[in-house]
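Colleague:
Chains as they are written, first to last, in full-length UniProt numbering: chain S, 1 to 414; chain H, 1 to 414.
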């Protein structure tokens, strides 16, 4: 018989290990000032609204529905609320275009499962959201680089690159979708302008592929004007959502609370129908009680909660940017996000942020996420991500000077 | 460019459409007496215990943790509670052997993802749980028939059958696991005896494969003695859980409430580690708040709730079996489950339960699930599943005579 090692040498072995998460496990010591975790500030959770929602649900006539099985596409009143919210974004649609996911991470996993066979190509920005790479990696794609702000490869060049990876007689290799976070991206904090979004749609049309628009941070704009969502631009040019090629992944995690795991996909009905089959097979449905609670809380406090987060996170971004300006040495640059949760720092090319992290944690008691993990090819070693959602005054006034001192030392030693 | 139909012709198209669910959508009319849905009786949900749990969580110091992200393996106190529960079942383990899933359906999906590549073989009983076939189908296996009560193919014959399906030079084909519901199975209600369980372990050892033990109904025994779980037998023969080949899928859906989507897998740590990677990539974690609520409710009412369900469902099973005995014509037989939720009815071979269902709904206003859907090869057309969890006195005294009259008519017409 096979031994157990062979028995359990299965598909997951071929997945990329999440080294970065291992590193971050070391950072739980209380005296560490962490700019690492991309998590919302729990002090800002609308706790009372959730307490009221769960109490109403479990005390009233809705209790049985909250505790019972639910349809796979999701709780209809929540889908109707989301259709109106998408309408406010310029996407005319109805609840049949809305599919509830267990967080937007599940949306990315299902879209990977739907589109990718081993060896297919996914176009992604460099760097890109690590969780998207983890979701897609399970389906064993190759990656090509998407540079929507300018300098994309021609459609013909993307086709040639995909074709070149096929072995004789093998199927697959074709590009299947372009994935991007157009607003206040994780990890860079940058926002793609309208021309860049139109360019992505042009490229997708030429290649005949879908666009996955990850809009997890979209509502968190502190300054400047909204840029239309890619799905809204797609609907305008294609004649409506049923003809669109863009699949919009939204999330309540950053605005209301991540612990309930409620997100959504807004897409043509043909795609929603396929996602429903994946959901029936995958986990039947997202928890009924959480979908109903999110619906109640969204109806009552969503707008006010968005404003509250913008004020709090906007002030923290300002403080972080001011501290970087005051303390970082020449040769270090960073993004100036108009919203979201992250600032992206580029160190001189001779520096390695992963090596710097080890020293930062050990000596300076400061943590961040090294940037290489966000690059499918492991480049970007001289970059790092700072999250400002938990960056209070102490974190900024003590943590950034300590980090800057380390960077100076590293530059001097390089 | 490709048209949208081509663009969206993706992997989900190759999944088996869930025809049976389409049929069941027709059955929502209130005057229908339904034995179809495999759902718990909502009148028996421990609603007050859940109301208390959510109120405590959101009113107290635990609120931030309940609303925040959680580790992928699941809430540690719940895993510790489950390790003790598995210990009572004869499986010595600790929380490192427990992995929290979003319902046991997600456990089946993840195990399919972990083990199956297209063309691999899964051994399943005929009939088997429809949701397991849907979960596994996404990974495109072939199925071979497992007959644990006796008459299994020899290991050599299974190997030959798998090998015969490979095309020249193709990899894959090997059997990867045996899947079964040993206690009060969905759909048959039958329980596999100890010798049958040992036989499955013998076969799995010969083939060098895993065993997936779906224990969704195990706690719901109304009469007779518990048969040791396959995992417990495996631990006894292999020397402990780390050397076991059995992966135990449990669920709170049938005892506490399905709407929270909380289940678990108990397995060797090597498997739990791989499942954690799938979970990180798939949906990050199951909802924090629901895991914490389930833990509180399990700590306070689990044992009492099991007793309450046994009494209620046991009485409904008795009434259903008595009505079948009183009304069904000769040539019809059925299982006599010692627990669970289902009775399995076998009609004369000339009858087609799917055709009977259409007539039953239209004329007799009675619904059930035709048995063919539970067979990977579409056999079993003369079988059907009756659920007794919602079968109150009216359902049994009116519904079964109506159904029996239809069967008589069909036998006469055949």
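Glycine residues also receive a C-beta, built at the ideal position from the N, C-alpha and C atoms. Remember, it's a predicted structure, so these values are computed and weren't measured experimentally.
Closer than 8 Å is the cut-off here; do at least three beta carbon pairs connect the region 64-77 of chain S with the region 237-251 of chain S?
Modeller: no
Colleague: Taking only beta carbons into account, state which residues of the region 39-73 of chain H come closer than 7 Å to chain S, listed in chain order.
Modeller: Within the region 39-73 of chain H, those residues whose Cβ lies closer than 7 Å to any Cβ of chain S are, in chain order, 39, 42, 45, 47, 50, 51, 54, 55, 58, 59, 63, 64, 66, 67, 68, 69 and 70.
Colleague: Is the separation between the beta-carbon of residue 213 of chain S and that of residue 182 of chain S shorter than 8 Å?
Modeller: yes
Colleague: Is residue 137 of chain S close to chain H, meaning its C-beta is less than 8 Å from at least one C-beta of that chain?
Modeller: yes
Colleague: I want to know whether the region 264-278 of chain S touches the region 85-98 of chain S - three or more CB-CB distances under 8 Å.
Modeller: yes
Colleague: Note down, in chain order, each residue of its chain lying with its Cβ closer than 6 Å to the Cβ of residue 126 of chain H, except the 5 sequence neighbours on either side.
Modeller: 145 and 375
Colleague: Any beta carbon from chain S within less than 8 Å of residue 100 of chain H's own beta carbon?
Modeller: no
Colleague: Counting only Cβ pairs nearer than 7 Å, list the residues of chain H close to residue 288 of chain S.
Modeller: 259
Colleague: Given a cut-off of 8 Å, decide if residue 389 of chain H and residue 341 of chain H are closer than it, judged by their beta-carbon atoms.
Modeller: In contact: residue 341 of chain H and residue 389 of chain H (Cβ atoms closer than 8 Å).
Colleague: Can you give me the Cβ contacts of residue 32 of chain H inside the same chain, cut-off strictly under 6 Å, excluding the 5 residues immediately before and after it?
Modeller: 365 and 367
Colleague: Among S/108, S/109 and S/78, which has the Cα closest to the Cα of residue 94 of chain S?
Modeller: S/78
Colleague: How do the region 341-351 of chain H and the region 378-395 of chain H stand: do at least 3 beta-carbon pairs fall below 8 Å, yes or no?
Modeller: yes
Colleague: Could you pull out every residue in the same chain whose Cβ sits closer than 7 Å to the Cβ of residue 149 of chain S, ignoring the five residues on either side in sequence?
Modeller: For residue 149 of chain S, where only same-chain residues beyond five positions count, the Cβ hits under 7 Å are 192 and 196.
Colleague: Fully enclosed by the region 324-398 of chain H, which alpha helix (DSSP H) runs are 4 residues long or longer?
Modeller: 353-359
Colleague: What residue from H/30, H/29 and H/36 has the CA that sits closest to residue 370 of chain H's CA?
Modeller: For the residues H/30, H/29 and H/36, the minimum Cα distance to residue 370 of chain H belongs to H/36.
Colleague: Applying a beta-carbon distance threshold of less than 8 Å, which residues of chain S neighbour residue 90 of chain H?
Modeller: Going along chain S, no residue has its Cβ under 8 Å from residue 90 of chain H, so there is no contact; the nearest lies around 21 Å.
Colleague: Taking the C-alpha atoms as reference points, what is the distance between residue 151 of chain H and residue 194 of chain H?
Modeller: 16 Å
Colleague: Given the structure, does residue 377 of chain S come close to the ligand MN, in the sense that its CB is under 7 Å from one of the ligand's heavy atoms?
Modeller: With respect to the ligand MN, the structure offers nothing, as it holds no ligand at all.
Colleague: Under 8 Å, Cβ to Cβ, is there at least one residue of chain H near residue 106 of chain S?
Modeller: At least one C-beta of chain H is nearer than 8 Å to the C-beta of residue 106 of chain S.
Colleague: Please classify residue 129 of chain H: does DSSP put it in a helix, a strand, or coil?
Modeller: Coil at residue 129 of chain H, not helix or strand.
Colleague: Across which residues does DSSP place residue 214 of chain H in a beta bridge pair?
Modeller: H/249
Colleague: Which residue marks the beginning of the beta strand (DSSP E) containing residue 101 of chain H, and which one marks its end?
Modeller: 98-101
Colleague: Note down, in chain order, all residues in the region 263-282 of chain S with a beta-carbon under 7 Å from any beta-carbon belonging to chain H.
Modeller: 270, 271, 274, 277, 278, 280, 281 and 282
Colleague: I want to see whether chain H comes within less than 8 Å of residue 160 of chain S, judged by CB atoms only; does it?
Modeller: no
Colleague: Just checking, does the region 173-180 of chain H make contact with the region 111-131 of chain H on the three C-beta pairs under 8 Å criterion?
Modeller: yes
Colleague: For the 8 Å Cβ check, are there 3 or more pairs between the region 305-316 of chain H and the region 352-365 of chain H?
Modeller: no
Colleague: Hey, how far is the Cα of residue 283 of chain S from the Cα of residue 104 of chain S?
Modeller: 15 Å
Colleague: Under the assumption that residue 300 of chain S contacts residue 66 of chain S (Cβ atoms under 8 Å), give the Cβ distance between them as a whole number of angstroms.
Modeller: Incorrect: roughly 17 Å between the Cβ atoms, too far for contact.
Colleague: What does the alpha-carbon distance come out to for the pair residue 303 of chain H and residue 80 of chain H?
Modeller: 17 Å
Colleague: Between residue 31 of chain S and chain H, is any beta-carbon pair separated by less than 8 Å?
Modeller: Residue 31 of chain S does not count as touching chain H.
Colleague: Determine whether the Cβ of residue 134 of chain H lies closer than 8 Å to any Cβ atom of chain S.
Modeller: At least one C-beta of chain S is nearer than 8 Å to the C-beta of residue 134 of chain H.
Colleague: Hey, how far is the Cα of residue 273 of chain S from the Cα of residue 76 of chain S?
Modeller: Rounded to the nearest whole angstrom, the C-alpha separation of residue 273 of chain S and residue 76 of chain S is 15 Å.
Colleague: Taking its Cβ as the centre, do 16 or more other Cβ atoms sit within 10 Å of residue 30 of chain H, making it buried, or is it exposed?
Modeller: Label assigned to residue 30 of chain H: exposed.
Colleague: Using a Cβ-Cβ cutoff of 9 Å, what residues of the region 172-189 of chain H are near chain S? List them in chain order.
Modeller: 176
Colleague: Can a CB atom of chain H be found closer than 8 Å to the CB of residue 357 of chain S?
Modeller: So no, residue 357 of chain S is outside the interface.
Colleague: Nearest to residue 160 of chain S by alpha carbon, out of S/61, S/336 and S/121?
Modeller: Among S/61, S/336 and S/121, the Cα nearest to that of residue 160 of chain S is on S/121.
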